[in-house]
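For reference, the structure is listed below as structure tokens.
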Amino acid sequence: MNKIFKKMGLTLACVLMVTGSAFAAYPERPITMIVPFGAGGSNDLPARVLAGLMEKKLGQPIVIQNVVGAGGTQGTTQIAQAKPDGYTIGFDPTGALCLQPHMKKLPYGVDSFQFIGMATQQPVVLMTSKKASWKNLEEMVEIVKKAPGKYRVGISGVGNMSHVPVIALAKHYGLQFRYVPYRSTPEIMKEIAADRLQFHADMPVALSQYDVYGLIQFSDKKVDNLPMPNSADIGLNKNFIMWQACIAPKGIPTDILKILVDTMREVVNSKEYADAIHRLSMNVWWMEPDEAQKFYEKEFVSYGEALKDAIGK
Amino acid sequence: MDMILSALAEVLSPFALIMNLMGVMIGMIIGALPGLGSVVAISICLPFTFGMEPLQAMALLLGVYCGSNCGGSIAAVLINTPGTPQAAATSIDGFPMARLGKGGKAIGWSLSASIIGGLFSCVVLVVAAPTVASFALRFGPLETFGLILMGLTCISSVSGKKQLQGLIAGLLGLLLACVGMSPFTPDARFTFGLYALDGGMDTVAVIVGVFAIAEVIDRSERMLHEKQGTVINVNKLSMPKLSEYKGRIWNLIKSSIIGTIVGILPGTGATTAAFIAYGEAQRSSPRRDKFGTGEPDSIIAAESSNNAVTGGALVPSLALGIPGDPVTAIMLATFILHGITPGVRLMVDNPAVVYGIFIALAVANLLMYPCCCVTTRIFNYLLKTPEPILMGLITVLCVLGAYGSRGNFNDVAVTIGSGIAAYILRRCGFPMPPIVIGLVLGQQFEMSIGQMLLYKADMSWWTYIAQSPIAMCLFAVTALILIVPLVRHKMSSQAA
Amino acid sequence: MKKQDVISGILCVGLSLILYTQTFTSDAVIVFEDNINPMQYPRALIALLAFLGSILTIRGLLQKEDKTDIPIFSRRTLGIMVLLLVYAAIFNATGFFVSSVIACFGVSVVMGWRRLGILFAACIVALILIWALYTYILRIPLPTGTLF
Numbered sequence: 001m002n003k004i005f006k007k008m009g010l011t012l013a014c015v016l017m018v019t020g021s022a023f024a025a026y027p028e029r030p031i032t033m034i035v036p037f038g039a040g041g042s043n044d045l046p047a048r049v050l051a052g053l054m055e056k057k058l059g060q061p062i063v064i065q066n067v068v069g070a071g072g073t074q075g076t077t078q079i080a081q082a083k084p085d086g087y088t089i090g091f092d093p094t095g096a097l098c099l100q101p102h103m104k105k106l107p108y109g110v111d112s113f114q115f116i117g118m119a120t121q122q123p124v125v126l127m128t129s130k131k132a133s134w135k136n137l138e139e140m141v142e143i144v145k146k147a148p149g150k151y152r153v154g155i156s157g158v159g160n161m162s163h164v165p166v167i168a169l170a171k172h173y174g175l176q177f178r179y180v181p182y183r184s185t186p187e188i189m190k191e192i193a194a195d196r197l198q199f200h201a202d203m204p205v206a207l208s209q210y211d212v213y214g215l216i217q218f219s220d221k222k223v224d225n226l227p228m229p230n231s232a233d234i235g236l237n238k239n240f241i242m243w244q245a246c247i248a249p250k251g252i253p254t255d256i257l258k259i260l261v262d263t264m265r266e267v268v269n270s271k272e273y274a275d276a277i278h279r280l281s282m283n284v285w286w287m288e289p290d291e292a293q294k295f296y297e298k299e300f301v302s303y304g305e306a307l308k309d310a311i312g313k
Numbered sequence: 314m315d316m317i318l319s320a321l322a323e324v325l326s327p328f329a330l331i332m333n334l335m336g337v338m339i340g341m342i343i344g345a346l347p348g349l350g351s352v353v354a355i356s357i358c359l360p361f362t363f364g365m366e367p368l369q370a371m372a373l374l375l376g377v378y379c380g381s382n383c384g385g386s387i388a389a390v391l392i393n394t395p396g397t398p399q400a401a402a403t404s405i406d407g408f409p410m411a412r413l414g415k416g417g418k419a420i421g422w423s424l425s426a427s428i429i430g431g432l433f434s435c436v437v438l439v440v441a442a443p444t445v446a447s448f449a450l451r452f453g454p455l456e457t458f459g460l461i462l463m464g465l466t467c468i469s470s471v472s473g474k475k476q477l478q479g480l481i482a483g484l485l486g487l488l489l490a491c492v493g494m495s496p497f498t499p500d501a502r503f504t505f506g507l508y509a510l511d512g513g514m515d516t517v518a519v520i521v522g523v524f525a526i527a528e529v530i531d532r533s534e535r536m537l538h539e540k541q542g543t544v545i546n547v548n549k550l551s552m553p554k555l556s557e558y559k560g561r562i563w564n565l566i567k568s569s570i571i572g573t574i575v576g577i578l579p580g581t582g583a584t585t586a587a588f589i590a591y592g593e594a595q596r597s598s599p600r601r602d603k604f605g606t607g608e609p610d611s612i613i614a615a616e617s618s619n620n621a622v623t624g625g626a627l628v629p630s631l632a633l634g635i636p637g638d639p640v641t642a643i644m645l646a647t648f649i650l651h652g653i654t655p656g657v658r659l660m661v662d663n664p665a666v667v668y669g670i671f672i673a674l675a676v677a678n679l680l681m682y683p684c685c686c687v688t689t690r691i692f693n694y695l696l697k698t699p700e701p702i703l704m705g706l707i708t709v710l711c712v713l714g715a716y717g718s719r720g721n722f723n724d725v726a727v728t729i730g731s732g733i734a735a736y737i738l739r740r741c742g743f744p745m746p747p748i749v750i751g752l753v754l755g756q757q758f759e760m761s762i763g764q765m766l767l768y769k770a771d772m773s774w775w776t777y778i779a780q781s782p783i784a785m786c787l788f789a790v791t792a793l794i795l796i797v798p799l800v801r802h803k804m805s806s807q808a809a
Numbered sequence: 810m811k812k813q814d815v816i817s818g819i820l821c822v823g824l825s826l827i828l829y830t831q832t833f834t835s836d837a838v839i840v841f842e843d844n845i846n847p848m849q850y851p852r853a854l855i856a857l858l859a860f861l862g863s864i865l866t867i868r869g870l871l872q873k874e875d876k877t878d879i880p881i882f883s884r885r886t887l888g889i890m891v892l893l894l895v896y897a898a899i900f901n902a903t904g905f906f907v908s909s910v911i912a913c914f915g916v917s918v919v920m921g922w923r924r925l926g927i928l929f930a931a932c933i934v935a936l937i938l939i940w941a942l943y944t945y946i947l948r949i950p951l952p953t954g955t956l957f
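Chains as they are written, first to last, in our numbering: chain U, 1 to 313; chain Z, 314 to 809; chain F, 810 to 957.
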């Protein structure tokens, strides 16, 4: 029995010595990128593209870990609470970072993250079936005004980016929709195809996948490949742009951060990245980390207001 | 016609065949690891597809899809640890068969039922995809509610003589599904203040806990009371003889149909299909009293239905661009990455790709046979380890698998907690399948009820239901499923 | 009376009472219009659970004793349960390797394996293989604690 304990002790000591002396150049082992949504989704594919290109430059694999749950908050919490040693980073969209914290108490907040950089952005687009009886925004408003409560909007989660922009639009025009929650976008699209639902607000990628067209994009600048009015055109002063950023837990050492930022900057500004992202119908958007951090703080506040606006009568 | 031929040529080219085979093999091994299911297996292979042609990528992914279904069953039969959630129904009769030394037979039944179910759904896919897809469009919240209600009645079929305890177990499963975010408000329910429970109880974690961990705890004591020499024998894969199919063909066809239909409807997956088919088989099989002691009927039902989901889920994916289950969602995403736009126009713009997928799916189903032989042999070799060490390793593998499925730390606690609770419930006479049925169907059930209320608005219930003949049909069938056994029981007790 | 039925029936009723109290805490900061009360459905389930639990208890009181010679809580089963709870508790803190070695070792010992040297070696080798499988092939990161 004693012999065994001695052997165990010896093995432990050796291992401790080896790991203790390992402070070589970053990165020296695989990096984990946490994506708070399911594999194959519109928040996961850009992460895989980014990770695939970044790992070639860093020399170590970047492993995508999908941590699913509670509208993206479970994964975001795991990013916020991870050890800030540069080996755990995250890829997060607007919703989980800016909207969710205003709706309930979460173990993270606006100051839990260190931004590495912005990756993509696209405006939220209100979509409707190509077979609908309205052909553009004005017609839709006319028809819906006459039948309050009759037309239904599919939302993928209460109070998230598919819900709040539509409420804002409805308030602007004085329309009354009914909001029906579903568990995933494909289900909503099926309902739109069957004409049980009439509207859905989502990222533009769905426009090419399903038989729908866009009525309005919620941004103050027009995006080229989206032929529809934007919110500035109709006087709605609200921006609902879904951006996705690469983030790290606060407290990451500055030299490691610099390596990550430099790599990401190179990748995001490269042609391969742009091609892949365009194939996903998204737009590339690079922002330096400091700018991104300030932008995040502003967004956080503005979404809080948008939410309060949407609820208040 | 030449479209079909060119597709055939591409899918049967050496590289595509090798990819298919590798996919089936990888899927089978990952499927056999407890907890890691088809979704994990496919997400792992996703990066490898980046450099390939679209059809070759699809051959790989379809292989993984089919292989993982089968691999999960091998683990379920040999070590009572469902490798994938949908194999949980297989372990109910598969493991007892293995204990009796007929493990190779059980795997043989599981494999043949899987292949037949998969090919059946493939035929449906080829012959009737667009028609069937438009049928799927008519399933709104009301119809989905009807279907799920029908699925929940399987709790009663599955409980056999222990109806009261089965119902309670089913209720516990439904309540477990309520833990976490409410579907209609941003509230978290039943989390007792613990943020960790906001994500809800992961189905995989609970299934692994209920079946595998509870079994480990149970074995530790049962081992002492058993005679020596009742260890699982070497199990060589042995396919069932044609004569043994007699009396079981209708079960096979019915379960394949159930699996295909469940696959077609978005929002339900292979686990739902397996349990609905299991419940239906138990209700209608002449050998229903032997379920749970090693009756092939239940294996046939569970396995053919969970593999039929593969073809069924591809129907809406290819015809409408709407994925039928999480795995096909990833496959559609692969299309996008390869520059092919899925959607209603896919069959018109890219018929070669679509035909290629049909053929690749059929090939994948057939390739399951050799891969299954190999995997079973590997398993037999591994099972030679002495039982205590094996149990220890299984415990660790299960917990790691449950963690790996969602990447959420809390799933470890959920697995172990549900394992301990399930052990206690098992010993008190509660059947385990109803818990899983309640959990798997629970979220969609509640969601459908809420959606129904929102759709109905001010209409009366009768007007609302009368709008949908499908829903009325489903409710009628549900009522029959509940009433017929009671009537039968009454009549038999009167006759006696 | 059938002890198991009575106890499980009482536990069900107790559980439904605890869960019922939980249906009243709601820190909803935001309330959207045409919201559905999220607690109605669980309350219906809980009421049904309480009802069935009481029926079970009553039935158990009226039935005969059921003899099994395999105890539910024996030294072994309790040992494994405690070990599993420890595993869950230390999984995050000490990383998967250390906690898994402890779990694997412990479960095997409780199940009756006495040749500890071989067991320890087998555990370490198997866990290194599993770690390699997860990290390099499956590419699922496993939590690493302070040591590894």
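Backbone N, C-alpha and C fix where the C-beta goes; we use that ideal spot for every residue, glycine too.
Quick one: grab the DSSP three-state call for residue i.
i	result
U:Lys313	Here U:Lys313 scores only 43 on pLDDT, less than 50, and its place in the model is too uncertain to base an answer on.
U:Pro186	helix
Z:Ala808	helix
Z:Phe433	helix
U:Ser129	strand
Z:Met371	helix
U:Cys246	strand
Quick one, which of the options has its alpha-carbon nearest residue i's?
i	options	result
U:Gly86	U:Asp255, U:Ala245 and U:Leu280	U:Asp255
U:Thr73	U:Lys146, U:Met189, U:Pro93 and U:Ser219	U:Pro93
Z:Pro599	Z:Leu627, Z:Pro579, Z:Leu631 and Z:Asn564	Z:Asn564
Z:Gly493	F:Asp875, F:Thr832 and F:Ile881	F:Thr832
Z:Gln595	Z:Pro746, Z:Phe363 and Z:Ala441	Z:Pro746
Z:Thr647	Z:Gly453, Z:Gly624, Z:Phe361 and Z:Leu321	Z:Phe361
Z:Ala419	Z:Ile526, Z:Ala615 and Z:Ile357	Z:Ala615
Z:Met463	Z:Ile481, Z:Asp531 and Z:Ile796	Z:Ile796
U:Ala47	U:Gly117, U:Val110 and U:Ala170	U:Gly117
What does the alpha-carbon distance come out to for the pair residue i and residue j?
i	j	result
U:Gly154	U:Val180	5 angstroms
Z:Thr516	Z:Ala808	44 angstroms
U:Lys221	U:Gln114	27 angstroms
Z:Asp406	Z:Ile643	32 angstroms
U:Arg29	U:Val63	11 angstroms
Z:Asn663	Z:Ala632	12 angstroms
Z:Val727	Z:Asp315	54 angstroms
U:Ala82	U:Thr88	7 angstroms
Who are the neighbours of residue i on chain F, taking C-beta pairs under 8 angstroms?
i	result
U:Gln65	Ile949 and Pro950
For residue i, go through chain Z and note every residue whose CB falls closer than 9 angstroms to its CB, in chain order.
i	result
U:Arg178	Leu767, Tyr768 and Ala770
U:Arg279	Ile649, Leu650, His651 and Gly652
What does residue i reach in chain F if we use C-beta pairs closer than 9 angstroms?
i	result
U:Pro101	The contacting residues do not exist; U:Pro101 stays about 10 angstroms from chain F at best.
U:Thr32	Pro950
Along chain U, in chain order, which residues have C-beta atoms closer than 8 angstroms to that of residue i?
i	result
F:Thr903	By Cβ distance, chain U contributes nothing, its closest Cβ being about 13 angstroms from F:Thr903, past 8 angstroms.
Would you mind telling me which residues of chain F sit closer than 7 angstroms to residue i, beta carbon to beta carbon, in chain order?
i	result
Z:Ser495	Pro847
Kindly list, in the order they appear in chain U, the residues whose Cβ is closer than 7 angstroms to that of residue i.
i	result
Z:Leu512	Per the sequence shown, residue 512 of chain Z should be read as Gly rather than Leu. Gly69, Ala70 and Gln74, listed in chain order.
Z:Val657	Asp211
Z:Arg451	Ala194
*Is the number of C-beta pairs between the stretch 445-465 of chain Z and the stretch 719-726 of chain Z that are closer than 8 angstroms three or more?*
no
*Looking at C-beta atoms only, is the number of pairs between the stretch 116-130 of chain U and the stretch 211-220 of chain U that lie closer than 8 angstroms three or more?*
yes
*How about the stretch 427-446 of chain Z and the stretch 559-578 of chain Z: do they share at least three Cβ pairs that are nearer than 8 angstroms?*
yes
*Meets three-Cβ-pair contact criterion under 8 angstroms: the stretch 287-296 of chain U and the stretch 324-339 of chain Z*: no
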